[in-house]
Amino acid sequence: MTMRIFVKDKNYSFQEIINICDKNDLITVDCLKDENMISVEKEGVDCIFEFIKIHEDVFKLTWLENFEGLGA
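Per my numbering, the sequence shown starts with residue 376, numbered consecutively.
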């Protein structure tokens with residue numbers, strides 16, 4: 376089951392990502408490999424979503440993990 380709280384065809388502001396993470400007990404992590412990327416994680420689980428910065432304060436979902444047990 377894939378957690379479907381973010382969608383690929385939508386652009387997100389940083390604050391929108393934070394708000395959605397707060398509501399779903401997720402955390403954001405700055406990616407050390409790329410300062411224009413944000414990783415979203417659940418405690419005890421590696422990255423489940425990755426966003427890339429496409430404009431100033433505009434991010435697009437580029438990757439999501441298909442992880443059992445996170446909900447739909």
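By construction, the Cβ of each residue, glycine as well, lies at the ideal position given by its N, Cα and C atoms.
Computed from a predicted model, the values in this text were never measured in an experiment.
With a threshold of 16 other CB atoms inside 10 Å of the CB of S388, please say whether the residue is buried or exposed.
-> Working through the sequence shown from its first residue, we reach residue 388 at position 13. Under this definition S388 is an exposed residue.
C-beta atoms of L439 and F426 nearer than 7 Å | In the sequence shown, the residue the question calls residue 439 occupies position 64. In the sequence shown, the residue the question calls residue 426 occupies position 51. For L439 and F426, no; Cβs fall outside 7 Å.
Cα separation between D384 and H430?
-> Here residue 384 corresponds to residue number 9 of the sequence shown, with the count starting at 1. Here residue 430 corresponds to residue number 55 of the sequence shown, with the count starting at 1. Cα-Cα distance, rounded: 15 Å.
Residue from C396, K428, N386 and D397 whose Cα sits closest to the Cα of I413 = Here residue 413 corresponds to residue number 38 of the sequence shown, with the count starting at 1. Cα-wise, what sits closest to I413 is K428.
E418 (DSSP reduced to helix, strand or coil) = On the sequence shown, position 43 is the one that residue 418 refers to. In this structure, E418 counts as coil in the three-state DSSP scheme.
Residue span of the beta strand (DSSP E) that contains D405, given as start and end | As a working mapping, residue 405 is identified with position 30 in the sequence shown. First-last of the beta strand (DSSP E) with D405: L401 to D405.
Pick helix, strand or coil for N394, following the three-state DSSP scheme.
-> As a working mapping, residue 394 is identified with position 19 in the sequence shown. Three-state DSSP puts N394 in a helix.
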